[in-house]
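Take a look at the structure below.
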């Protein structure tokens, strides 16, 4: 009996990553193609079909032995129908993603929101694989993530839920790109941390952080305040304390509602290790309804990095195939 395979695709705004998995959970090979909003849906989905076939060719595998394709895609994705209801960056509305890619490849196609897929990847193969319930928060330009309970994604009606970055933590707060005020991601994203750091530096021109960025405020990034705090700078420590407070508010809300076994943080900020996780655990513990010594909660960093999406795509397809 010949070995069988699954293609996993992580679709993004600049590129689509693809991986060929054997059904014993091993990555055989990887590749990627560029994507562009100007290409339109048909051109993009044709590129993804070619990517799937290229992966098999690259591995010396017959495409006949590929059982299915699992994918993560940005936007509002109805995982039951395979329709991308809306992806504003590419101006896609109600596009039949799964059906069209299936027609081009002759394979069943399963798709879900990319953040949800990444959460499933971490839950099945990464940082939270030993837990039955977990929430992934991706801390980057915004705040995204996904919820996994009993090995299943919690997606909501038409898979439009789990928009973790858009709970309100400040009534009448900062305006968000979504059109609302006070969204979590306006306070707890890497973008927010950079703005908070810059504001603090302008208010304290003697801060050690200015030396870290060669006196140029445009050089501030998500690591600046952490590095300043490690050097003992009082202003940097205040920035981190404030940011951790914002981050913990959202996490505590998620925990109070769902009480997962673990919270996993993705994005570059997770690389700060215990300089972040130590104070974060303490801040979350103070804000949750039930303390961690009564009902334990793990807060850990993601492990799969930019492979979380393809691992999740593989997990979705494998589960659907039974």
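Numbering (our numbering), first residue to last: 11 to 332. Quick reminder that beta carbons are idealized off the backbone N, C-alpha and C, glycines included.
Per DSSP, what are the beta-bridge partners of residue i in this structure?
i           : result
residue 102 : 97
residue 25  : 44
residue 20  : 27 and 82
residue 275 : 147 and 311
residue 185 : 191
residue 36  : 32
residue 287 : Looking at the DSSP assignment, residue 287 forms no beta bridge with any residue, so it has no partner.
residue 178 : 193
residue 163 : 158
What is the residue span of the beta strand (DSSP E) that residue i lies within?
i           : result
residue 82  : 76-83
residue 148 : 143-149
residue 311 : 308-311
residue 267 : Here residue 267 belongs to no beta strand (DSSP E); instead the alpha helix (DSSP H) covers 244-268.
residue 157 : 153-159
residue 123 : 119-123
Can you name, in chain order, every residue of its own chain whose Cβ lies under 6 angstroms from the Cβ of residue i, other than the five neighbours on each side?
i           : result
residue 270 : 143, 144 and 145
residue 261 : 273 and 294
residue 152 : 175, 195 and 199
residue 23  : 99
residue 235 : 207, 246, 249 and 250
residue 321 : 131, 135 and 314
residue 137 : 274, 310, 312 and 313
residue 268 : none
residue 203 : 232 and 253
residue 318 : 128, 131 and 132
residue 157 : 145, 164 and 172
residue 106 : 93
On the DSSP letters alone, give me the boundaries of the alpha helix (DSSP H) that residue i sits inside.
i           : result
residue 50  : 50-69
residue 88  : First-last for residue 88: 86-88, but that is the beta strand (DSSP E), not the alpha helix (DSSP H).
residue 320 : 318-331
residue 107 : 107-115
residue 240 : 234-240
residue 212 : 200-213
residue 221 : 219-222
Can you give me the Cβ contacts of residue i inside the same chain, cut-off strictly under 8 angstroms, excluding the 5 residues immediately before and after it?
i           : result
residue 33  : 13, 14, 15, 16, 77 and 328
residue 169 : 86, 87, 88, 89, 90, 122, 123 and 126
Excluding five sequence neighbours on each side, which residues of the same chain lie with their C-beta closer than 7 angstroms to the C-beta of residue i?
i           : result
residue 263 : 177
residue 299 : 266
residue 73  : 63 and 66
residue 258 : 290, 293, 294 and 297
So, is the C-beta of residue i closer than 8 angstroms to a C-beta in chain C?
i          : result
residue 65 : In summary, chain C is missing from the structure at hand, where a single protein chain is found.
How would you call residue i, buried or exposed, if buried means at least 16 neighbouring beta carbons within 10 angstroms?
i           : result
residue 277 : buried
residue 244 : exposed
residue 93  : buried
Meets three-Cβ-pair contact criterion under 8 angstroms: the stretch 43-50 and the stretch 78-87: Short answer: they don't touch.
Taking contact to mean at least 3 C-beta pairs separated by less than 8 angstroms, is the stretch 301-309 in contact with the stretch 109-124? The answer is no - the stretch 109-124 does not touch the stretch 301-309, with fewer than three Cβ pairs under 8 angstroms.
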